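Enquirer:
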Amino acid sequence: MRMKKLIVFLLTGALFFAPIERTYAASKKKDKKKTEAAKPEEKKPATVYSKLFKEKKNHTVSKGLITVHQYEEKVYLEMPVKLFGGEFLMTSAIESASDISLAGLQAADPKYLIIDKSDSLVLFHSPQYNLRINEQDENQRKAFEQSRVNAVYKAFPIEGYSPDSTAILFNVTSYFIGSNKDVLDLKGRSYESIMVIGDFTLQNKTSYLEGAEAFENCISFNLVSSVQLSLNIQGLELTEKPEATLGIQATLTLLPKEKMQTREANPRIGSGYVSYMDFRNVKDSQEGYYATRRKISGQEPIVFYVDTLIKPSWQAAVQKSADAWNRVFDQLGLGKPIALKPYPADSTFRSNNPLINTIAFINNNKTSITSYNITDPRTGEILSSRAGISRDFAFSVRRKGVYQMADVDARFQTYYIPDDVVCEALTAYMLKAFGRSFGLATNLAGSMAYSPEQLRSPEFTQKNGITASIMDDVMYNYLARPGDKEKGVALIIDKPGVCDEFVLRYLYAPISGDEKETLKRWAMEHDGDIRYFFGKAPMAMAYDPRCQRNDLGNDPFAAIDAKIEHLKFVVNNSPAWFDDEIPRDYRELFPDYVFIELYNNSLSTLFPYIGGIYLNEANEGSKTPSFQSVPADLQKKAVQKVLKVCEDLKWLDANREFLYLGGTNTSISDWCYSNGVPMMGLLSRLTRMTFSVVKSEKPYTQKEYLEDIEKYVFAEVRASKPLSHNKVTQIGAYINGVISISPTLKAIQKTNMDSGKGIALTNSDAPMFHPAAQAIQETNEALYAGMEPMTSINYLIDTNIDNVCYEKLVSARRYLQQAKSLAGDDISRGKCEFLLLLLDRVL
Numbered sequence: 018m019r020m021k022k023l024i025v026f027l028l029t030g031a032l033f034f035a036p037i038e039r040t041y042a043a044s045k046k047k048d049k050k051k052t053e054a055a056k057p058e059e060k061k062p063a064t065v066y067s068k069l070f071k072e073k074k075n076h077t078v079s080k081g082l083i084t085v086h087q088y089e090e091k092v093y094l095e096m097p098v099k100l101f102g103g104e105f106l107m108t109s110a111i112e113s114a115s116d117i118s119l120a121g122l123q124a125a126d127p128k129y130l131i132i133d134k135s136d137s138l139v140l141f142h143s144p145q146y147n148l149r150i151n152e153q154d155e156n157q158r159k160a161f162e163q164s165r166v167n168a169v170y171k172a173f174p175i176e177g178y179s180p181d182s183t184a185i186l187f188n189v190t191s192y193f194i195g196s197n198k199d200v201l202d203l204k205g206r207s208y209e210s211i212m213v214i215g216d217f218t219l220q221n222k223t224s225y226l227e228g229a230e231a232f233e234n235c236i237s238f239n240l241v242s243s244v245q246l247s248l249n250i251q252g253l254e255l256t257e258k259p260e261a262t263l264g265i266q267a268t269l270t271l272l273p274k275e276k277m278q279t280r281e282a283n284p285r286i287g288s289g290y291v292s293y294m295d296f297r298n299v300k301d302s303q304e305g306y307y308a309t310r311r312k313i314s315g316q317e318p319i320v321f322y323v324d325t326l327i328k329p330s331w332q333a334a335v336q337k338s339a340d341a342w343n344r345v346f347d348q349l350g351l352g353k354p355i356a357l358k359p360y361p362a363d364s365t366f367r368s369n370n371p372l373i374n375t376i377a378f379i380n381n382n383k384t385s386i387t388s389y390n391i392t393d394p395r396t397g398e399i400l401s402s403r404a405g406i407s408r409d410f411a412f413s414v415r416r417k418g419v420y421q422m423a424d425v426d427a428r429f430q431t432y433y434i435p436d437d438v439v440c441e442a443l444t445a446y447m448l449k450a451f452g453r454s455f456g457l458a459t460n461l462a463g464s465m466a467y468s469p470e471q472l473r474s475p476e477f478t479q480k481n482g483i484t485a486s487i488m489d490d491v492m493y494n495y496l497a498r499p500g501d502k503e504k505g506v507a508l509i510i511d512k513p514g515v516c517d518e519f520v521l522r523y524l525y526a527p528i529s530g531d532e533k534e535t536l537k538r539w540a541m542e543h544d545g546d547i548r549y550f551f552g553k554a555p556m557a558m559a560y561d562p563r564c565q566r567n568d569l570g571n572d573p574f575a576a577i578d579a580k581i582e583h584l585k586f587v588v589n590n591s592p593a594w595f596d597d598e599i600p601r602d603y604r605e606l607f608p609d610y611v612f613i614e615l616y617n618n619s620l621s622t623l624f625p626y627i628g629g630i631y632l633n634e635a636n637e638g639s640k641t642p643s644f645q646s647v648p649a650d651l652q653k654k655a656v657q658k659v660l661k662v663c664e665d666l667k668w669l670d671a672n673r674e675f676l677y678l679g680g681t682n683t684s685i686s687d688w689c690y691s692n693g694v695p696m697m698g699l700l701s702r703l704t705r706m707t708f709s710v711v712k713s714e715k716p717y718t719q720k721e722y723l724e725d726i727e728k729y730v731f732a733e734v735r736a737s738k739p740l741s742h743n744k745v746t747q748i749g750a751y752i753n754g755v756i757s758i759s760p761t762l763k764a765i766q767k768t769n770m771d772s773g774k775g776i777a778l779t780n781s782d783a784p785m786f787h788p789a790a791q792a793i794q795e796t797n798e799a800l801y802a803g804m805e806p807m808t809s810i811n812y813l814i815d816t817n818i819d820n821v822c823y824e825k826l827v828s829a830r831r832y833l834q835q836a837k838s839l840a841g842d843d844i845s846r847g848k849c850e851f852l853l854l855l856l857d858r859v860l
């Protein structure tokens with residue numbers, strides 16, 4: 018009982034003291050808060066971040082090699098101090114565009130930079146020339162280190178340091194947003210199929226930074242730039258100045274500290290190159306070249322990521338190209354280095370990372386494959402490659418295949434080209450793209466290595482393909498004739514040629530012993546063998562006819578005959594291939610492209626033989642001379658072939674339904690003659706014959722050349738027959754051309770016209786053809802790299818042919834007087850009188 022009372026007492030006591038305890042604790046807590054409130058708040062020290070980026074919601078950060086800060090409309094780089102003094106490469110590409118003709122192009126040429134700092138500035142240096150010195154010579158090494166100063170290219174104030182002082186923050190907004198040609202320089206780049214961008218103007222008010230991203234070895238900026246373009250066609254500026262908005266990816270890449278082992282380039286080998294200045298022999302410094310190539314190891318493949326937007330059949334075509342190159346590598350004992358993988362679904366994968374190899378689907382209206390490499394300018398190492406397959410790629414198959422192959426392969430006898438035909442062409446294009454990605458350069462001589470007989474042989478073409486180098490621009494075997502496909506003749510590029518295999522060996526085969534001597538020996542192994550000849554870009558004053566586009570085989574005359582047979586088939590049969598659903602522009606331009614195929618892509622391949630000269634790389638061990646004029650009889654034969662083909666172009670008008678595809682056309686042949694075909698093309702060679710004449714023991718002179726043309730245009734008069742309508746038109750073009758070639762006669766003509774005494778004449782300096790029929794040149798896909806092609810001839814004095822031109826005009830006057838007397842009607846007589854009056858005003 019007493020125990021129960023004790024328990025009750027204790028419980029009552031506990032309940033009594035509990036409120037007092039809680040009240041005391043609350044009081045203590047309140048006093049503590051007052052004490053804390055009384056203390057002044059400790060301020061965190063200000064940092065560069067808090068100064069520059071006050072509003073967190075306007076600040077985005079991407080971390081990688083270099084941290085990128087975007088704040089409002091500004092962009093800052095936070096660059097580790099350890100990277101200063103490093104070497105970088107600036108590249109940019111057009112990823113998207115309101116004018117889809119521009120999508121997929123490089124936005125500017127790569128720029129090599131060294132980024133360094135002073136006390137208050139971050140400095141972008143433009144490095145001096147690559148140097149090669151004797152590393153064992155300590156005095157030479159120190160002398161170059163002390164004397165070699167790189168020019169400051171750009172300077173940016175240092176905004177501050179990171180809290181741990183390991184990185185520097187600086188504002189680069191002006192570099193990436195604005196008129197900086199490191200980022201955007203469109204001048205000289207192709208636009209659609211026949212135009213070139215002469216210049217451009219950046220619209221600053223509508224250009225801005227859209228975003229930035231940091232990667233492991235680079236940083237990338239996405240820019241939106243609005244531009245106004247100035248366009249031209251073969252030098253003629255157009256009045257239209259279209260505007261376009263471009264989505265540009267600009268990338269700053271850290272070049273590797275460990276440089277790839279270089280390999281010397283050779284002008285006989287068709288590779289890309291980077292140049293350097295060699296000072297190892299102080300008494301005789303000279304320019305040298307490193308070949309562009311990949312770093313290949315047997316352990317790790319070179320992965321090309323393939324856009325999953327590319328449809329499966331096209332992906333299989335790309336794989337076929339990769340397999341063809343892998344077979345060549347494997348034969349060299351280098352394994353199979355090319356591996357294709359689809360774009361990973363992994364969220365960390367970025368197809369815009371410029372240091373990975375990609376094959377992307379490009380939403381533009383171009384009809385070819387775009388491809389370019391990012392190359393280390395110090396060593397020639399190809400760091401990555403990017404290829405783009407255009408949305409309208411199938412159009413290129415129609416453009417080339419229909420006019421060259423329709424009578425040989427019935428699959429081309431339609432607008433709706435089957436997918437298997439498109440895939441064959443895609444394989445051929447990607448063979449070139451892969452070749453470029455491994456350092457091979459455009460080789461304009463590859464397609465003329467084989468004879469017409471070889472190119473019509475099933476056994477030969479199955480083994481060797483149709484060209485010695487797929488780095489030429491040939492696509493189809495247009496020397497094939499109906500029935501050849503069924504026999505097994507190869508009709509399209511499907512494998513690297515023997516020259517491509519040779520270049521790959523030069524670039525990648527392991528070398529034991531003296532590498533310099535081995536490479537020299539390899540370069541001369543096939544001296545004199547046309548299959549291994551590297552054809553560089555030609556120059557007007559010394560045109561090597563072996564180095565041109567659109568040719569195939571070693572017999573240019575057989576090639577012309579084959580082309581014409583294909584085109585005659587197209588003229589006679591093509592209207593039946595079209596229905597009402599075919600795009601209007603394709604239908605209307607179809608006859609124009611027949612003319613382009615005939616003249617620009619066929620007959621024009623004969624012009625370089627006139628006054629042409631074979632250019633071979635000089636070498637003391639070579640059996641072939643450096644300069645050798647095209648034989649005079651071959652030049653004369655080329656002239657006669659052009660004239661004979663153009664003697665009768667009525668077959669172009671034979672099918673009225675074909676003519677009406679282009680609208681209410683009445684006569685393509687008359688249009689050709691009235692626009693100077695073939696006279697203007699032939700006479701353009703007259704002023705470019707000097708070097709060939711000088712270098713030949715038995716030259717084909719300018720006087721002989723004009724006499725051959727004169728015999729053709731006045732053949733009817735010489736036979737005492739009246740001039741035909743077409744010949745009168747050609748004589749007018751001939752007279753105008755001769756006048757324009759002679760500076761003296763042209764000046765007299767201008768003086769008489771300015772004084773009101775002249776007659777209105779066709780301006781011979783203006784383009785002679787309809788814009789749709791201009792020569793089409795692909796200017797952004799093919800690089801004329803190898804060692805530098807000849808661009809000028811020192812001390813060459815052009816032949817003064819004023820007296821020859823004057824003599825031919827006097828002769829033409831005599832023939833016209835005779836033609837006037839032979840004329841059978843007043844209209845013909847009046848035309849002769851007009852031409853005589855034209856001559857009298859000049860003579």
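In this note's numbering, the protein residues as written are 18 to 860. For every residue, glycine included, the Cβ atom is placed at its ideal position computed from N, Cα and C. All figures in this text were calculated on a predicted structure; none of them were measured in a lab.
Keeping to the same chain, check which residues put their C-beta closer than 6 Å to that of F11; ignore five residues upstream and five downstream.
Expert: The shown model of the chain, from 18 to 860, leaves out residue 11, and the question about it has no answer.
Enquirer: Is the number of C-beta pairs between the region 598–612 and the region 677–690 that are closer than 8 Å three or more?
Expert: Yes, since at least three Cβ pairs between the region 598–612 and the region 677–690 fall closer than 8 Å, the two stretches touch.
Enquirer: Count the other C-beta atoms from every protein chain shown that fall within 10 angstroms of the C-beta of L855, then say buried if there are 16 or more, exposed otherwise.
Expert: So L855 counts as buried.
Enquirer: Using C-beta distances below 8 Å, list every residue in its chain close to A114, excluding the 5 sequence neighbours before and after it, in chain order.
Expert: Answer for A114: A120, A261, T262, L263, G264, N381, listed in chain order.
Enquirer: Bridge partners of Y360, per DSSP?
Expert: In DSSP, Y360 forms no bridge with anything.
Enquirer: Do S385 and S407 have their C-beta atoms within less than 8 Å of each other?
Expert: Cβ distance < 8 Å, so S385 and S407 count as in contact.
Enquirer: For a quick check, are the C-beta atoms of L853 and Q834 less than 8 Å apart?
Expert: Yes; because the gap between Cβ atoms is below 8 Å, this pair is in contact.
Enquirer: Between the region 418–430 and the region 335–352, can you find at least three pairs of beta-carbon atoms closer than 8 Å?
Expert: Flag = no, the region 335–352 and the region 418–430 do not touch.
Enquirer: Reducing DSSP to helix, strand and coil, say where E714 ends up.
Expert: Here E714 sits in coil by DSSP.
Enquirer: State the Cα-Cα distance for the pair V213 and R601, rounded to the nearest angstrom.
Expert: Going from the Cα of V213 to the Cα of R601 covers about 25 Å.
Enquirer: Give, in chain order, every unbroken run of the alpha helix (DSSP H) that is at least 4 residues long and sits entirely within the region 290–359.
Expert: Counting only runs of 4 or more, we get 329–348.
Enquirer: Rank E281, I319, F217, N75 by C-alpha distance to the C-alpha of E257 and give the top, closest one.
Expert: The residue with the shortest Cα to Cα distance from E257 is F217.
Enquirer: When the Cα atoms are used, what is the spatial distance from S684 to S713?
Expert: Using only the alpha carbons, I get a separation of about 42 Å.
Enquirer: For I6 versus L703, is the C-beta spacing smaller than 8 Å?
Expert: Only positions 18 to 860 of the chain appear in this structure, which leaves residue 6 out of reach.
Enquirer: In the structure shown, what three-state DSSP assignment does R403 receive?
Expert: Three-state DSSP puts R403 in a strand.
Enquirer: Rounded to the nearest angstrom, what separates F477 and C516 at their Cα positions?
Expert: Each residue's Cα considered, the two are about 16 Å apart.
Enquirer: I need the boundaries of the beta strand (DSSP E) containing L678, first residue and last residue.
Expert: Premise fails: L678 is in no beta strand (DSSP E) and is neither H nor E.
Enquirer: In whole angstroms, what is the alpha-carbon distance linking I483 and L508?
Expert: So the two alpha carbons sit approximately 8 Å from each other.
Enquirer: Residues in the same chain with beta-carbon distance under 8 Å from P144, minus the five sequence neighbours each way, listed in chain order, please.
Expert: E104, Y129, L130, I131, N167, listed in sequence order.
Enquirer: What are the boundary residues of the alpha helix (DSSP H) that includes K848?
Expert: Per DSSP, K848 belongs to the alpha helix (DSSP H) from 843–859.
Enquirer: Within its chain, find whatever has a CB closer than 6 Å to the CB of M465; leave out the 5 residues flanking it on each side and keep chain order.
Expert: So the list reads R563, D568, N571, once near-sequence residues are dropped.
Enquirer: Leaving out the 5 sequence neighbours to the left and right, which residues in its chain are closer than 6 Å to R310 when beta-carbon positions are compared?
Expert: So the list reads G456, L524, once near-sequence residues are dropped.
Enquirer: Secondary structure at Q565, three-state DSSP: helix, strand or coil?
Expert: Looking at Q565 - three-state DSSP - the assignment turns out to be coil, as it is neither helix nor strand.
Enquirer: For a test of the three-state rule: what should DSSP assign to M236, helix, strand or coil?
Expert: Looking at the sequence itself, residue 236 is Ile, so the reference to Met does not match. It is a strand residue.
Enquirer: According to DSSP, is M447 part of a helix, a strand, or is it coil?
Expert: If DSSP states are grouped into helix, strand and coil, M447 belongs with the helices.
Enquirer: So who's on the other strand from Q266, going by DSSP bridges?
Expert: Answer is A110, N239, bridged to Q266.
Enquirer: Within 10 angstroms of its Cβ, does S224 collect 16 or more other Cβ (buried), or is it exposed?
Expert: By the 10 Å Cβ count, S224 comes out buried.
Enquirer: In the DSSP output, which residue or residues are listed as bridge partners for A229?
Expert: In DSSP, A229 forms a bridge with F238.
Enquirer: What is the C-beta distance between A485 and R285, in whole angstroms, given that I count them as a contact (C-beta under 8 Å)?
Expert: Wrong, their Cβ atoms sit about 14 Å apart, outside the cutoff.
Enquirer: Count the C-beta pairs between the region 336–351 and the region 71–79 that are closer than 8 Å, then say yes if the count reaches three, no if not.
Expert: No contact exists between the region 336–351 and the region 71–79.
Enquirer: Can you round the beta-carbon distance between V520 and G287 to whole angstroms, since I take them to be within the 8 Å contact cut?
Expert: Indeed they touch by this definition, with Cβ atoms about 5 Å apart.
Enquirer: Using 8 Å for Cβ pairs, my map puts V588 next to W668. What's the rounded Cβ distance?
Expert: The Cβ separation is near 7 Å, so the contact holds.
Enquirer: Please report the straight-line C-alpha distance between Y616 and F731, rounded to a whole angstrom.
Expert: The alpha-carbon atoms of Y616 and F731 are separated by roughly 23 Å.
Enquirer: Give me, in chain order, the residues of the same chain whose beta-carbon lies closer than 6 Å to that of L186; leave out the 5 immediate sequence neighbours on both sides.
Expert: Same-chain partners within the cutoff: V65, Y93, E95, E176, G177.
Enquirer: Considering only the alpha carbon of each residue, which of K533, L699, I528, R548 lies closest to G514?
Expert: Ranking K533, L699, I528, R548 by Cα distance to G514 puts R548 first.
Enquirer: Determine the DSSP secondary structure at P97, reduced to helix, strand or coil.
Expert: Three-state result, P97: strand.
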